[in-house]
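Participant: The listed protein sequences correspond, in order, to chains B and F. Start counting the first sequence at 632; every next residue gets the next number (my numbering). Start counting the second sequence at 784; every next residue gets the next number (my numbering). Input: one structure, supplied below.
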Amino acid sequence: MKWSRYKNLDEIVEHDDAELDSLKKRIFFAALLILFFAAIIVGRLWFLQIYKGEEYRNRSENNRVRMREVAAPRGSIEDRMGREMVTNKPSFNVVLVREDSNDVDKLLKNIALALDLDISRLWDKLRDAEHKPKHLPIRLLEDVDWETLAYVENHNQEFPGIRIETIPARVYHYNNLAAHAIGYLGEISKKELANRNSEIYTGGDLIGKMGLERLREADLRGEKGSSSSEVNARGFEQQLLKNIEPLPGNTIQLTLDAELQKVAEDLMDAGDKAGAVVAMEVKTGRMLVLASNPVLPINQFVGGISHKNWNALLENPKHPLINKVVQAMYPPGSTYKMMTAIAGLSSGVITKDTVFYCPGHYYFGNRRYHCWKRGGHGAVDLKRAISESCDVYFYQVGLRAGVDKLAEIANMFGLGHKSGIEMEHEKSGLAPTKAWKKKNRKQKWQEGETLSVAIGQGFNLTTPLQICLMTAAIANGGKQYVPQVIEKVTNPEGKVVDQFEPIVASEFKDDNGYLKLIREGMEEVVQGRRGTARKVRIKGLTIGGKTGTAQVVRLKQYKHLKEEDIPYKFRDHAWFTCYAPAEDPEIAVTVLVEHGLHGGSSAGPVARAILAAYFEEPLRLAAEAKAAAEENKSE
Amino acid sequence: MPRIDRRLLYSFDWILLAILMGVCGMALMNLYSASYPPLPYGIPPYIKQCYLFLLGLASIVFILCFDYRELHFWNYPFYILIVLLLLFVLFAGNSAGGAQRWINLGLFKLQPSELAKLALVVTLASYYSRKEQPGGYGIRDMVTPVLLTLLPFLLILKQPDLGTALMLGIIFVSMTVFAKVRWQTYGLGLILCSAAGVFAWLYLLKEYQKRRIETLLNPAKDPMGQGYQILQSKIAVGSGEFSGKGYLEGTQGHLHFLPERHTDFAFAVWSEEMGFAGSVTFLSVYFCMLFWGLYAAMTARDRFGVFLSFGVVMLIFWQAVINLLMILGFLPVVGIPLPLVSYGGSSLLTTLFGLGILMNVRMRRFQVGQNADK
């Protein structure tokens, strides 16, 4: 078999041994070359792995570990009975992680098309978050429904970079109940972010924007957790490395009674009434009801309120944005007459037996001041003056005591200054004095103005809360409690970190039993034959109260019109304030109905409903006991 | 008939085989890690590489059956076959990433450019060994070897595969310098090369090839582009520190930060997991193989044996050096594998064929055969 063109392989063996030797000598240089490069490579390895090893080690750690914050469940809010008012549920957001997408433009277009969204809104969100690191999620859609959630999860291959983020969201078990007091959450604004501790907050966090959610942010927010995951070069998480569970926020138990609050809000709402309902424990300062109607539609605020809804709220003539409990001021009207009476008694210008004659009007200067009852009350003593709310009586008491004395007493009972309640933008109201007028109006006090002040008109301004505090102080013998809304704050381990303590702000020393006289008058208002609030009576319960009408405007053109024909915004505000049981008062209730005309008929029923609800159980027990006793007797 | 003399078996180079097995064992182990965790479909790369390794060993046995001097005759048929294959891939090959380099053979994709390296080594060895020039080769002597190199060089450049094409050039230069040329030949060569280089930069190089070279000169220019790969490779190697992160524990590789982790950057996976100690151990064995190859050249019976051994060693050495310097951040990403370590059938088989030739030269280092006693 022929294998090659040579007959014999040995024909091609070279025989020049010298040449072969010189060739082989050159192999030595090749060995040097290999050695040289081997040295370079080992040297370089030493440089990278030993000299710079730690640095590269850190870089490889940073390469692969991605830390994400885990939102802490916010503290819940309960009412005084432990009923859950606000808790959390998982909420699902559609988020974009720019790092995982190679074409954000196209992705947004696709997702907008798939979910039927307005792409310009998505662009806005992207622009707002432009400064964020690329691996942090940007929320495109918040609190999506199950359908959207399922769609996005099932089509995640088509939308690289779009993910679902689960965060705790607020659940309002009583819907908008006590919305002004509790408040709402919103995404932290750039301004808030700049002002707050950057270790606690990051962009996209939810933060209390109003009410207790804002005031008690530090209690409620809890502590964020974090999860460190190993990610690959494409940003997909491979495994969890470290997980720090978030610490839930503290639970806040309110002094508010959700059921009473509901009675108040529902009744106001049913009557389409704007105004405020305040109820409190007279011997502690615990606030039971803090209702402001119309209620704030809190669900509209979740995830940011739309311009349309916001403008609707702004333009609503009933001002739902204002917390009327503390942020709106009204003339106290006849509810102020107790102040005038106490001023008269304590300055000695009247006693309980002092009688003034009311012909239906009173002349002062060259003006004629009317009593609300044009026919006049005739001879009126203190008790009757309060129960029938005789203006003429209080004109004269006010004149004799002087406006500064009225203001002094009013201040002691909580009027004219802030109460210190844990609510935002509380107004101080106004208990006018001569000095006040001099300072603010640059005018001398006119004695005629004292007459207006004495019946709660004129410069007088109060918040519904202040009238309730005044009523409570009358009922409890003169103690001015600081109104409080928080019963206790409990941390996640169950430890109470903040417990309610009654705080007395000031006290009226009632050594001569003046308040008892006032209370007798107030009792007559409800229980008496000619009282102005007889409709409020509840069987088995003695109630002391006072109606009031706060004049909005004094216009001649409306004088002859029937009440129903007066335009809404010019109608008088209606007050009713009361306490019960009269024998040993526990609770004070104040109701203000804006443009409600008459305290007894408009505000009274709301207060009555609250009392009925509050005393339902004791009243039922008392009735049963009584029935049983009678049965025994008849046997 | 192939002559397998019993005496030939005695002179078989077991040490070279042992070194080869050592290198391949570590390489397969590394490949397992580089392709870990295994994909749920297909044959895992390390299994494929195992098959090819066995195929390569079988080929070595086959090669050993023939006297390497037969290559004096076979080199041109081989050479022409390779050129035809190169022409074939240029017109009908599988393309990937804008280059046409492969012929799909099922088990692996044949990359004729890899075989071309070995074919060039054999061809040049045959040429230089038969044409002795004691005073060094003149310009006229260089025409044939230059043309022999230029033909596959241009075909591979056209694919385009700059790295492999340059590799052919380097083999040519190494072997020619080794064969000894006259000084004026150097001068002319230098001038021609510079002119070709300038011409290539201006008219022939593709944008991406230029960018690779630019990136090397200024890596900060594009941290996420070409420089990104080099950076990730450096992080992988550096983060191994002295003792490494442990086998299968490398994060750079397993989390895909490392590009081409089972092919061009396979050694970075080893470095990350085995650290400085492991890397030096591996390199020691690897370079032992190269030195042993030079020893084979030293002990070769004839000129052809010397050139063949030297050429095979240079073939492996230069690829290894370029690949390692790239992984360590000294060279641009040029797509040169680390022979025996990088995943890829053509490269592995070519290298094993080369080592087969080396063993052949070693086995027939004594004057054996019918004329041994002459």
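Every residue, glycine too, gets a C-beta built ideally from N, C-alpha and C. Remember, predicted model here, so these are calculated numbers, not experimental data.
Tell me the rounded alpha-carbon separation between B:Lys983 and B:Leu976.
Facilitator: Answer to the nearest angstrom: the Cα atoms are 8 Å apart.
Participant: Is the stretch 990-1002 of chain B in contact with the stretch 1047-1056 of chain B, if contact means three or more CB pairs nearer than 8 Å?
Facilitator: No, the stretch 990-1002 of chain B is not in contact with the stretch 1047-1056 of chain B.
Participant: Could you give the first and the last residue of the continuous alpha helix (DSSP H) run that contains F:Gly946?
Facilitator: Taken as a continuous stretch (DSSP letters only), the alpha helix (DSSP H) holding F:Gly946 covers 945-962.
Participant: Select from the stretch 912-938 of chain F all residues with a C-beta closer than 8 Å to any C-beta belonging to chain B, and list them in chain order.
Facilitator: Correct list: Ser912, Arg913, Glu915, Pro917.
Participant: Give, in chain order, every residue of the stretch 949-974 of chain B whose Cβ lies closer than 7 Å to some Cβ of chain F.
Facilitator: Taking 7 Å as the Cβ-Cβ cut-off against chain F, none of the residues of the stretch 949-974 of chain B qualify.
Participant: Taking the continuous beta strand (DSSP E) assigned at B:Gln931, which residues delimit it?
Facilitator: It is not in any beta strand (DSSP E) - B:Gln931 carries neither H nor E in the DSSP assignment.
Participant: Compute the distance between the beta-carbons of B:Leu851 and B:Gly713, then report whether it is under 8 Å.
Facilitator: Not closer than 8 Å, so no.
Participant: Measuring only between beta-carbons, confirm whether F:Met1081 sits less than 8 Å from chain B.
Facilitator: So yes, F:Met1081 belongs to the interface.
Participant: Please go through the same chain and pick out, in chain order, the residues whose beta-carbon is closer than 6 Å to the beta-carbon of B:Phe1246, but skip the five residues on each side of it.
Facilitator: Around B:Phe1246: Leu1172.
Participant: If you follow the alpha helix (DSSP H) that F:Leu933 is in, where does it begin and where does it stop?
Facilitator: Note, F:Leu933: alpha helix (DSSP H), 926-940.
Participant: Show which residues of chain F have a CB atom less than 8 Å away from the CB atom of B:Leu651.
Facilitator: Those are Asp1085, Arg1086, Val1089, listed as they occur along chain F.
Participant: Would a check of beta-carbon distances place F:Val904 closer than 8 Å to chain B?
Facilitator: Answer no: the Cβ-Cβ gap between F:Val904 and chain B never drops below 8 Å.
Participant: By the 7 Å beta-carbon criterion, what residues does the stretch 651-669 of chain B contribute toward chain F?
Facilitator: Cβ contacts with chain F come from Leu651, Leu654, Lys655, Arg657, Ile658, Ala661, Ala662, Ile665, Phe668, Ala669.
Participant: In chain F, which residues lie less than 8 Å from B:Arg690 when you measure between Cβ atoms?
Facilitator: In chain order: Ile1018, Gly1021, Ser1022.
Participant: Going by DSSP, name the residue or residues bridged to B:Thr1208.
Facilitator: DSSP lists B:Lys1177, B:Thr1221 as partners of B:Thr1208.
Participant: Determine the chain F residues that contact B:Leu679 at a beta-carbon separation under 7 Å, and present them in chain order.
Facilitator: Neighbours of B:Leu679 on chain F, chain order: Lys1017, Val1020, Gly1021, Leu1111.
Participant: Residues of chain B with a CB under 8 Å from the CB of F:Leu1121: which are they?
Facilitator: Here the premise fails: no neighbours, minimum Cβ distance about 11 Å.
Participant: Helix, strand or coil for B:Glu854 per DSSP?
Facilitator: In this structure, B:Glu854 counts as strand in the three-state DSSP scheme.
Participant: What number of angstroms, rounded off, separates the C-alpha of B:Ala1136 from the C-alpha of B:Leu746?
Facilitator: Rounded to the nearest angstrom, the two C-alpha atoms are 57 Å apart.
Participant: Assuming B:Met1054 and B:Asn1143 form a contact by the criterion Cβ under 8 Å, report the distance between their Cβ atoms to the nearest whole angstrom.
Facilitator: Not quite, the Cβ-Cβ distance comes to about 35 Å (not below 8 Å), so this is no contact.
Participant: Could you list which residues in chain F have their beta carbon closer than 7 Å to that of B:Val673, in chain order?
Facilitator: Those within 7 Å of B:Val673 in chain F are Val1063, Leu1066.
Participant: Anything in chain B within Cβ reach of F:Leu1138, meaning under 9 Å, just list it in chain order.
Facilitator: By Cβ distance, chain B contributes nothing, its closest Cβ being about 16 Å from F:Leu1138, past 9 Å.
Participant: Any idea what DSSP makes of B:Tyr832, helix, strand or coil?
Facilitator: Three-state result, B:Tyr832: coil.
Participant: Residues of the stretch 817-845 of chain F in Cβ contact with chain B at a cutoff of 7 Å, in chain order, please.
Facilitator: Cβ contacts with chain B: none found.
Participant: Let me check you understand the geometry: is the CB of F:Glu1055 closer than 7 Å to at least one non-hydrogen atom of the ligand ATP?
Facilitator: No copy of the ligand ATP appears in this structure; indeed no ligand is present at all.
Participant: Taking Cβ-Cβ distances shorter than 8 Å, what residues in chain B pair up with F:Val1104?
Facilitator: Going along chain B in sequence order, the residues near F:Val1104 (Cβ under 8 Å) are Phe668, Ile672.
Participant: Counting only beta-carbon separations shorter than 8 Å, does B:Asp648 have a partner in chain F?
Facilitator: Answer no: the Cβ-Cβ gap between B:Asp648 and chain F never drops below 8 Å.
Participant: So for B:Gln1130, helix, strand or coil by DSSP?
Facilitator: The answer is strand: DSSP assigns B:Gln1130 an E or B state.
Participant: Does any C-beta atom of chain F lie closer than 8 Å to the C-beta of B:Lys683?
Facilitator: For B:Lys683, the answer is yes, since a Cβ of chain F falls inside 8 Å of its Cβ.
Participant: How many Å lie between B:Pro1212 and B:Thr718 at the Cα?
Facilitator: Taking the straight line from one Cα to the other gives about 35 Å.
Participant: Looking at C-beta atoms only, is the number of pairs between the stretch 911-930 of chain F and the stretch 887-899 of chain F that lie closer than 8 Å three or more?
Facilitator: No, the stretch 911-930 of chain F does not touch the stretch 887-899 of chain F.
Participant: Can you name the start and end residues of the beta strand (DSSP E) that B:Arg697 belongs to?
Facilitator: B:Arg697 -> beta strand (DSSP E) spans 696-701.
Participant: Taking 8 Å as the threshold (C-beta atoms), are B:Val908 and B:Val1156 in contact?
Facilitator: Going by C-beta atoms, B:Val1156 is not nearer than 8 Å to B:Val908.
Participant: What separation, rounded to the nearest whole angstrom, lies between the Cα atoms of F:Thr1082 and B:Asp652?
Facilitator: Their backbone Cα atoms lie some 10 Å apart in a straight line.
Participant: Does the beta carbon of F:Leu1114 come closer than 8 Å to any beta carbon on chain A?
Facilitator: Annotation note: the requested chain A is absent from the structure, which comprises protein chains B and F.
Participant: Within 10 angstroms of its Cβ, does F:Pro1122 collect 16 or more other Cβ (buried), or is it exposed?
Facilitator: So F:Pro1122 ends up on the buried side.
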